[in-house]
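The structure appears below as structure tokens.
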Amino acid sequence: MRRALPVLACALAAAAPAAAALPVHASGSSVGEGVPLKAYASITPTVHLFGDLLTAKLAIVADTKWVDASRLRVRASFTPYEPARAPQVLRLASGRFEQITYTWSLRCIASQCVPRTPPSDRFHVFHFTRARIDYLTAAGRPAYGIDAYWPPVEVLSQVSPGVAAFLRRTHHVNWRVGLAPVAAPTYRISPTLLLWLALAASALFAATGLLLAGRWALGLRPERVVEAPPEATQLERAIAVLRYAHETGDETLQRKALERVADELGVERADQLAFVARELAWSARTPEHEEVEDFATQARPRDDES
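Numbered according to the working numbering, the sequence shown spans residues 490 to 795.
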């Protein structure tokens, strides 16, 4: 490293030197001329084609006896070029000698960098604003500083002189690669089929969602209490058998049903109807339809008894 630093310092001396406004120390410094620091700015390449990448370097060499390198502040602008990434910082130290190198990768693909005005439509020259290096006090205020000047940069058009003359004369671009016809697109699956499959899947998902929502809603509803019909009494059952026997013309069953109704009436009500029922049950003649219907209607349990 001790061998490399003097060689690097000699190489930087060929670059654009900084304009100094620095204190001079009579006892001398490791960077020469009694100044505490120096700066060198360079750009490679200085002639390039439109859209190419440039490398800008700013090297600051300082005597650590007079300068604390952590207090150096660098300001640089490359408009209209833009840094492709944040600058890389390299620090080298040997004894009292310390060097800090900032490296920017620059590119300009904006319209400002396109050569377009005759007669210099083949190139354009840019002069960047000088870089400023300030040395700050412990309070963060500039104590002194120097400027570093960038060399001019010339950007060339990537259009050959023959093509440029043809464009000026004909105002027509002679494409070397045909842009048409464009090949028809290919698909792994038919777009129409994919559309219908998507619609079917959407409908299926919607139906499933509605079904689940319906089941969930039914689960929230209170269950309906269904009251069981009251159980028929013995008298009602006997009257039902009586009506059935009368409608089917079964005389024997009808007489038995009348006797059963008389028994039940004697248990529940003990009124005149029980006597009527027995009289009809043992009558020599078959009771008429109207007699049976009137008797069944009268024998039905009253509402206050049910």
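Note that the Cβ used here is the ideal one computed from N, Cα and C, for glycine as well.
Compute the Euclidean distance between the alpha carbons of residue i and residue j, then round it to the nearest angstrom.
i, j, result
"His661", "Ala582", "59 Å"
"Pro604", "Leu543", "17 Å"
"His735", "Ala696", "57 Å"
"Glu587", "Val524", "14 Å"
"Tyr733", "Leu701", "50 Å"
"Phe612", "Cys597", "14 Å"
"Glu740", "Thr775", "7 Å"
"Phe511", "Thr618", "Here residue 511 is Leu; the residue named in the question, Phe, does not match the sequence. So the two alpha carbons sit approximately 20 Å from each other."
"Glu725", "Gln743", "15 Å"
"Pro674", "Leu538", "36 Å"
"Ala620", "Ala672", "53 Å"
"Ala729", "Ala773", "23 Å"
"Pro650", "Ile678", "49 Å"
"Arg574", "Ser566", "14 Å"
"Thr626", "Arg560", "7 Å"
"Lys546", "Cys602", "21 Å"
"Gly629", "Leu595", "30 Å"
"Gly703", "Pro680", "34 Å"
"Ala706", "Gly698", "12 Å"
"Val550", "Gly634", "13 Å"
"Ala692", "Leu686", "10 Å"
"Val578", "Ile589", "7 Å"
"Gly517", "His616", "34 Å"
"Ser646", "Arg580", "37 Å"
Residue i: buried (16+ other C-beta within 10 angstroms of its C-beta) or exposed?
i, result
"Gln723", "exposed"
"Tyr676", "exposed"
"Leu682", "exposed"
"Val652", "exposed"
"Ala690", "exposed"
"Phe694", "exposed"
Run through the DSSP bridge pairs and tell me what residue i is partnered with.
i, result
"Arg546", "Going by the sequence as given, residue 546 is Lys instead of Arg. DSSP, once it has assigned bridges, lists Ser531, Thr592 as partnering Lys546."
"Glu587", "Ala551, Ala582"
"Ile678", "BP columns for Ile678 are empty, so no partner."
"Gln743", "In the DSSP output, where bridge partners are listed per residue, Gln743 has none listed."
"Gln577", "Thr592"
"His799", "In the structure as shown, the chain begins at 490 and stops at 795. Residue 799 is therefore absent and cannot be evaluated."
"His537", "Val644"
Can you list, in chain order, the residues of its chain with a C-beta nearer than 7 Å to that of residue i? Leave out the 5 residues immediately preceding and following it.
i, result
"Ala727", "Ala746, Arg749, Val750, Glu753"
"Pro576", "Tyr591, Thr592, Trp593"
Once the 5 residues before and after residue i are set aside, which same chain residues still bring their CB inside 6 Å of it?
i, result
"Ala766", "Leu747, Val750, Ala751"
"Arg789", "none"
"Thr533", "Thr544"
"Val614", "Pro641, Glu643"
"Val520", "Lys527, Val550, Asp552"
Tell me which same chain residues have a C-beta within less than 8 Å of the C-beta of residue i, skipping the five on either side of it?
i, result
"Glu780", "Leu769"
"Val513", "Glu522, Gly523, Val524"
Taking the Cβ atom as the reference point for each residue, do residue i and residue j lie within a distance shorter than 7 Å?
i, j, result
"Ile622", "Ala528", "yes"
"Pro572", "Trp593", "yes"
"Arg585", "Asp552", "yes"
"Tyr624", "Ala632", "yes"
"Thr535", "Val644", "no"
"Thr563", "Leu526", "Note that residue 563 is Val in the sequence shown here, rather than Thr. Not in contact: Val563 and Leu526 (Cβ atoms no closer than 7 Å)."
For residue i, is the beta carbon positioned less than 6 Å from some heavy atom of the ligand NAP?
i, result
"Pro512", "Absent from the structure shown: the ligand NAP. Ligands present: none."
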